[in-house]
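So the structure is just underneath, and the comments pick up after that.
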Amino acid sequence: MNETIEKLTSALQDYRGMDNEVLQLVNTELDQDADLNQTLLSVANFSAEDIVQFYAEVLNLEVFGSKELALEVVSPSVSLKFSRNYNVVSLESDEEQMRVVTATPYDPYPQKAIALASGKEVKMCLAAPELISRTIEKASADEASISELSDQLEQDLSFSEDGDIDRLKDLASEAPIVRLVNVIVSQAMELRASDIHIEPFEKRLRVRYRIDGVLREVDSPPTHSIAAIISRIKIMAKLNIAERRLPQDGRIQMRLQAQQIDLRVSTVPSLFGESVVMRILDQEQLVLRYEQLGFGKVNIQRFQKLIQRPHGIILVTGPTGSGKTTSLYTALSSINLPNKKIMTVEDPIEYQLDGIMQMQVKPSIGLGFSEALRAIVRQDPDTIMIGEMRDHETASIAIQSALTGHLVFSTLHTNDAGSAITRLLDMGVDDYLITSTVAGIVAQRLVRTLCQRCKQQITPLAEVIAEFKLDQYGISSPKLYEPVGCPECSGSGYKGRTVILEQMEMSPALRKKILSRADGTTIQNQAVSDGMSTMRMDGIYKALTGVTSLEEVVNATQDT
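Numbered by my numbering, the letters in the sequence shown go through residues 4 to 563 in order.
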């Protein structure tokens, strides 16, 4: 037992009133060469944060949190292999001193080894083990870009359509390809991408990330690596690498930068090979709060009142990728109480919700939305979520469920709230059933939010004020904001997305319009007369308050 460990264990006696019995157990574990961190976690009932605070107080060391460490530059003078082996991070320093961040300040070897190799004085600092691991993984990804790894690929990675499948499996498992796929995913995570597109063409392989809803091309691997890269992804997703003629869907679970992420994988055949799209599902980034999604106070109150109903149908509409499922997950989470049973039918299940029974449809074995719905209504649920109403049969079962006392949530693909009614009528749902079961419809879009660091305020022209009626939002001297671009937002001027929405609640006037088979525009106009704020109105208010730009709002709502 070295001097630092003795100093720490001696301090335990006076730390938080630790009794002698626990202290004796700690010393017994350490006498048997147990790790001090693990001993404090298991025997002394410390948390990871408690351990860092304890070491800092006793040893008088500087502590790094995630924000502080993110601002530092990792020094290349200590190899990443050494950093991984001893879970330490060396930071950029001056000519005489080097700072090293560790979670095990009681281990003297890393400090001595780094001091000997660098010829500098080593100042030890503290951080949680998981934070150090995440920093090392990020440094690894930064060190090896896609273009640099592409240069390392062997020329024999080319593979013909008639090639040996076993050889392709071997190539897909080789270190350069494994590392290249990991870097593609890591960079996507760093850039906050929602999707990764890998597209083969005759003379090149294109890699693009969808960031804040917009595709951005990045460095691409060489063309001769197409088959090996796609095969690597298919192996990870447990897909058939020999089948290149049919579309396939799969899922990858992997851990990168100390984060557990899921990738939803889709492959389709194309002229020059298979196109792959990976949707990134990061459970840690899932937002289930209305305010963070972009719901205003009035919309939150109205929506909360709507979902507290004992029965009826609540629809969320919008195009693909407009955040419909996230809004429904947020609604389900807010009513997820011990006295309610909530069940979902999804294709696929994007995120796992604690306390909610989720079922994924499997059309290949005859388990579609309608078959799944028939089964779960016999499970005595209070609330049901249907991933999407796609046909008359699914809509009919949903309506019958609402009529028999269930609260039903679902999604539709329509441009606005009023069009959802005509879509149901087109499916063959009777108008009187719509008026008696549909409680409300939320239509939404996602717009990019301005980078708060570089956005610039502008005074709108009189023509713009008149066209968009900017003086009718209760804001004197209306101002707008425009994107500029800075390193924080990678030069785009935007960072993140928010929702703009409209909520249509069933009213007597709306019921009359529906029963008279009015078109979607007439229904929409009636909802506005009833007091509904449209998506464009919600978006313009967000533009006036500096959340987004007017251009984003116009682009998102030009079809509504």
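For every residue, glycine included, the Cβ atom is placed at its ideal position computed from N, Cα and C.
Legend entry - the stretch 342-349 / the stretch 532-545 touching (three or more Cβ pairs under 8 Å): no
Inset, instruction - Determine the DSSP secondary structure at Pro132, reduced to helix, strand or coil. - result: Three-state result, Pro132: helix.
Inset, instruction - Report buried or exposed for Asp578, applying the criterion of at least 16 other Cβ atoms within 10 angstroms of its Cβ. - result: One cannot answer for residue 578 here, as it falls past the ends of the chain, which runs 4 to 563.
Inset, instruction - Buried or exposed for Gln561, please, with buried defined as at least 16 other CB atoms from any protein chain shown within 10 angstroms of its CB. - result: Looking at its Cβ environment, which holds fewer than 16 other Cβ atoms inside 10 Å, Gln561 is exposed.
Inset, instruction - Could you say which of Ser86, Glu505, Ile244 lies nearest to Phe306 if we only look at CA atoms? - result: Glu505
Legend entry - Beta-carbon spacing of Gln460, Tyr497 below 9 Å: no
Legend entry - Three-way DSSP call (helix, strand, coil) for Glu95 in this model: coil
Legend entry - Stretch pair the stretch 549-561 + the stretch 438-453: three plus CB contacts closer than 8 Å: yes
Inset, instruction - List in chain order: all unbroken beta strand (DSSP E) runs of 3+ residues lying wholly within the stretch 365-416. - result: Counting whole runs of 3 or more residues, the stretch 365-416 contains the beta strand (DSSP E) stretches 386-389, 410-415.
Inset, instruction - With a threshold of 16 other CB atoms inside 10 Å of the CB of Asp433, please say whether the residue is buried or exposed. - result: exposed
Inset, instruction - Flag this pair as yes or no: are the beta carbons of Val104 and Leu129 separated by less than 9 Å? - result: yes
Inset, instruction - Kindly indicate which three-state DSSP category Leu501 falls into: helix, strand or coil? - result: Sequence inspection shows Thr at residue 501; the Leu mentioned does not correspond to that position. The answer is strand: DSSP assigns Thr501 an E or B state.
Inset, instruction - Just the C-alpha distance for Leu327 and Val188, rounded to the nearest angstrom, thanks. - result: Going by the sequence as given, residue 327 is Lys instead of Leu. So the alpha carbons of these two residues sit roughly 25 Å apart.
Legend entry - Whole-number beta carbon distance between Glu95 and Val125, since they are thought to touch under 8 Å: Actually they are not in contact, since the Cβ atoms of Val125 and Glu95 sit about 14 Å apart, beyond 8 Å.
Inset, instruction - Helix, strand or coil for Ile236, going by three-state DSSP, please let me know. - result: helix
Inset, instruction - Determine the extent of the alpha helix (DSSP H) in which Leu518 is found, giving its start and end residues. - result: Start and end: 511-518.
Inset, instruction - Examine the Cβ distances between the stretch 465-473 and the stretch 422-438 and report whether three or more of them are shorter than 8 Å. - result: no
Legend entry - Coarse secondary structure for Thr347, derived from DSSP in three states: Residue state, collapsed to three classes: strand.
Inset, instruction - May I have the straight-line CA-CA distance separating His416 from Gly523, to the nearest angstrom? - result: 14 Å
Inset, instruction - Please confirm if the stretch 262-280 is in contact with the stretch 232-240, defined as three or more CB-CB distances below 8 Å between the two stretches. - result: yes
Inset, instruction - Look at the alpha carbon of Gly39 and the alpha carbon of Leu33, and state the distance between them as a whole number of angstroms. - result: The sequence given here places Leu at residue 39; Gly does not occur at that position. Whole-angstrom Cα-Cα distance: 7 Å.
Legend entry - Boundaries (first-last residue) of the alpha helix (DSSP H) holding Glu9: 6-15
Legend entry - Beta-carbon proximity list for Leu376, same chain, < 8 Å, skipping 5 on both sides: Val348, Ile387, Ile389, Thr397, Ile400, Ala401, Ser404
Legend entry - alpha helix (DSSP H) runs contained entirely in the stretch 179-219, provided each spans 4 or more residues: none
Legend entry - Own chain partners of Asn302 with C-beta closer than 7 Å, once the 5 adjacent residues on each side are dropped: Leu504, Gln506
Inset, instruction - Taking the CB atoms as reference points, tell me whether Leu194 and Ile201 lie closer together than 9 Å. - result: Taking C-beta atoms as the reference points, Leu194 and Ile201 fail to come closer than 9 Å.
Inset, instruction - Mind listing, in chain order, the continuous alpha helix (DSSP H) runs of no fewer than 4 residues lying wholly within the stretch 22-83? - result: Unbroken alpha helix (DSSP H) stretches of 4 residues or longer found wholly inside the stretch 22-83: 23-34, 39-45, 51-62, 69-73, given in chain order.
Legend entry - Other residues of its chain near Glu164: CB distance less than 8 Å, five sequence neighbours each side excluded: With a pLDDT of only 44 at Glu164, under the threshold of 50, the placement of this residue in the model should not be trusted; the figure read from the coordinates follows. Hits under 8 Å: Arg247.
Legend entry - Three-state secondary structure (DSSP) of Pro322: The answer is coil: DSSP assigns Pro322 none of H, G, I, E or B.
Legend entry - Arg426 to Ala106 span [Cα, whole Å]: 58 Å
Inset, instruction - Identify, in the order they occur along the chain, each residue of the same chain with its Cβ nearer than 6 Å to the Cβ of Ala59, setting aside the five sequence neighbours on each side. - result: Val66, Leu129
Inset, instruction - Please report the Cβ distance between Gly321 and Gln447, rounded to the nearest whole angstrom; I am assuming they are in contact, meaning their Cβ atoms lie under 8 Å. - result: The C-beta separation of Gly321 from Gln447 comes to about 5 Å, placing the pair in contact by the 8 Å criterion.
Inset, instruction - Identify the continuous alpha helix (DSSP H) that holds Gln363 and give its terminal residues. - result: Not the alpha helix (DSSP H): Gln363 falls in the beta strand (DSSP E), residues 360-363.
Legend entry - Distance between Thr226 and Ile244 (C-alpha atoms, nearest Å): 18 Å
Legend entry - Three-state secondary structure assigned by DSSP to Lys474: Per the sequence shown, the amino acid found at residue 474 is Asp instead of Lys. Looking at Asp474 - three-state DSSP - the assignment turns out to be helix.
Legend entry - Reduced DSSP category for Asn558 - H, G, I as helix; E, B as strand; rest coil: helix
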